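Have a look at the structure below, then the notes.
Residue numbers (my numbering), protein chains in the order written: chain P, 6 to 274; chain L, 6 to 274.
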């Protein structure tokens, strides 16, 4: 059983570290030679190979930026091994799931893990431990491919969760992309006040992911722009509602809203 | 040296625990008998006393909800000891600083610490360790009172920082109140998606403080509504700007904005 990793950044190298630590042979491919160097040094891969070579392996993880997943998968498929199974780790799923409809050995996926530092230097073999790993198989996806990917997701101590691609994109739009945008907007707001850190815990928490990997995140947000347009429009309406409560000095209304939030938060757990 | 605590909630009881662990005698006063009971059991106070009694002590911390600080301080001052020094822990400072102008022994303050659980059960003697503790003295504040409060802030391992009251209210509006509002709005957004937790780390971070102590937070937000009105209006404009970048599929513009955020975040450290 040989594992291939296309894109040895934070996610790809973490997959490699986890599976290599369990005895699997892992080969990596990356357009940046320094990523391969670091991934080798950190024991995330056994060797750096070409896309052609990596595509022949048994299980191939495509861990590149969302807009590159379909073109790179298409290219990789030129030299795909007969029984090779592919999966990806992209943050939006509608586009890749449409492509996968005609490619039964490709299981679209998205591990719900990461952190605010990118690149293989920050990879760890426990990155996925305890987290959900979403898979958005199509009706045409081969059961063998789906089973294999789920088996390896579990090996990385993550829990596989099956979702429809559009439901996935809506949910991560709210659960991940919106928080990233708000974190950025908080940093933007702070530009108007003097330097000097008097912030407490809530500021540190809410801005942790701000400004993370701008090229990757521009790609992620653009790839989900249709869902995000709806989500941000609804968010803007809610913001107006809270602003009105404050502007009209409506203490009771604000208390009611905050109590509703406390209850909703408990229910969402 | 006897310490008085008015309001033995999370902040008041944490001050008590920290100072009692350093050998000070601490007396507490709270309108809720169960708070006094818990504070006694947790070694946050030596005894529960009346507001009249607590007001005679050497250093009195007023740890009540913002809208109650001026009325309670006024009442406490009826029986204030001649050399007693008072300080408060309220999240907004303009109103109390105006009152303190004619009360030189009162030093308006605000420890930048707390967490998402309220009440004396969650108090700890290290709550303020490593955090900033803002003081907004007036021109009329007595140097003796200011020195004494700063000395005790340091005893709790916090760093005293002096600010003008309006600058304080602007800064905490952005650094603390805005994050709390956004955390609530995130929970609001999530109501539109199915239950079932696929969220990652960013969601947990950004919603940690959502729905915390609704009565207290309605009071805090209302007490800072003038600043928040400006802050939310600017935030709403910034949100529109990002929405426009997404709606117009402006990848380059979004990359530019995210890069600016990454740079601003570094500068803000």
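Built from N, CA and C at the ideal position, the CB exists for glycine as well. None of these values were measured; they are calculated from a predicted model.
Could you list which residues in chain P have their beta carbon closer than 7 Å to that of residue i, in chain order?
i	result
residue 240 of chain L	190, 194
residue 208 of chain L	180, 181, 184
residue 203 of chain L	117, 137, 139, 166, 176, 180
residue 222 of chain L	263
residue 260 of chain L	219, 220, 223
Between residue i and chain L, is there a C-beta pair that is closer than 9 Å?
i	result
residue 134 of chain P	no
residue 176 of chain P	yes
residue 199 of chain P	yes
residue 73 of chain P	no
residue 7 of chain P	no
residue 237 of chain P	yes
residue 274 of chain P	yes
Where does the unbroken beta strand (DSSP E) through residue i begin, and where does it stop?
i	result
residue 30 of chain L	30–34
residue 137 of chain L	137–140
residue 157 of chain L	Not the beta strand (DSSP E): residue 157 of chain L falls in the alpha helix (DSSP H), residues 148–160.
residue 115 of chain P	114–116
residue 7 of chain L	7–11
residue 132 of chain L	That residue, residue 132 of chain L, is in no beta strand (DSSP E); it is neither H nor E in DSSP.
residue 90 of chain P	90–93
Under 7 Å between beta-carbons, which chain L residues line up against residue i? List them in chain order, please.
i	result
residue 267 of chain P	216, 219
residue 120 of chain P	206
Can you check whether the C-beta of residue i is within less than 9 Å of a C-beta belonging to chain P?
i	result
residue 264 of chain L	yes
residue 227 of chain L	yes
residue 129 of chain L	no
residue 270 of chain L	yes
residue 211 of chain L	yes
residue 151 of chain L	no
residue 64 of chain L	no
residue 56 of chain L	no
residue 230 of chain L	yes
residue 37 of chain L	no
residue 187 of chain L	yes
So residue i contacts chain L; which residues on that side make the cut at Cβ distance below 8 Å?
i	result
residue 101 of chain P	Per Cβ cutoff of 8 Å: no residues; residue 101 of chain P is ~17 Å from chain L at best.
For residue i, go through chain P and note every residue whose CB falls closer than 9 Å to its CB, in chain order.
i	result
residue 234 of chain L	248, 251, 252
Between the options, which has its C-alpha nearest residue i's C-alpha?
i	options	result
residue 227 of chain L	L/182, L/6, L/126, L/38	L/182
residue 49 of chain P	P/76, P/71, P/12	P/12
residue 91 of chain L	L/148, L/173, L/172	L/148
residue 180 of chain P	P/154, P/236, P/133, P/165	P/236
residue 87 of chain L	L/72, L/101, L/93, L/65	L/65
residue 93 of chain P	P/209, P/83, P/158	P/158
residue 106 of chain L	L/114, L/215, L/146, L/265	L/146
residue 232 of chain L	L/171, L/81, L/112, L/202	L/171
residue 219 of chain P	P/262, P/185, P/169	P/185
residue 98 of chain P	P/83, P/138, P/123	P/138
residue 188 of chain P	P/204, P/198, P/176, P/210	P/210
residue 124 of chain L	L/263, L/242, L/43	L/43
residue 36 of chain P	P/132, P/14, P/249, P/163	P/14
residue 250 of chain L	L/239, L/262, L/241	L/262
residue 60 of chain L	L/9, L/101, L/30	L/9
residue 160 of chain L	L/224, L/142, L/136	L/136
Tell me where the alpha helix (DSSP H) around residue i begins and ends.
i	result
residue 240 of chain L	230–252
residue 168 of chain P	Segment: none, residue 168 of chain P is in no alpha helix (DSSP H) and carries neither H nor E.
residue 210 of chain L	206–212
residue 145 of chain P	Here residue 145 of chain P belongs to no alpha helix (DSSP H), and DSSP marks it neither H nor E.
residue 67 of chain L	No alpha helix (DSSP H) holds residue 67 of chain L; the beta strand (DSSP E) holding it covers 64–67.
residue 270 of chain L	256–273
residue 195 of chain P	183–195
residue 45 of chain P	38–46
residue 99 of chain P	99–105
residue 19 of chain P	15–25
residue 81 of chain L	71–82
Which bits of chain L does residue i rub up against, with CB to CB less than 9 Å?
i	result
residue 87 of chain P	The contacting residues do not exist; residue 87 of chain P stays about 33 Å from chain L at best.
For residue i, return the contacting residues in chain P, with the cut-off set at a CB-CB distance below 8 Å.
i	result
residue 155 of chain L	Under the 8 Å cutoff, chain P gives no residues; its nearest Cβ is about 15 Å from residue 155 of chain L.
Selection of the region 241–258 of chain L by Cβ proximity to chain P, strictly under 7 Å: Within the region 241–258 of chain L, the residues whose Cβ lies closer than 7 Å to any Cβ of chain P are, in chain order, 241, 243, 244, 247, 248, 251, 252, 254, 256.
Interface residues of the region 13–35 of chain L facing chain P [CB-CB below 8 Å]: Taking 8 Å as the Cβ-Cβ cut-off against chain P, none of the residues of the region 13–35 of chain L qualify.
Contact list for the region 160–172 of chain P against chain L, Cβ threshold 8 Å: If the cut-off is 8 Å between Cβ atoms, the region 160–172 of chain P has 166, 168, 172 near chain L.
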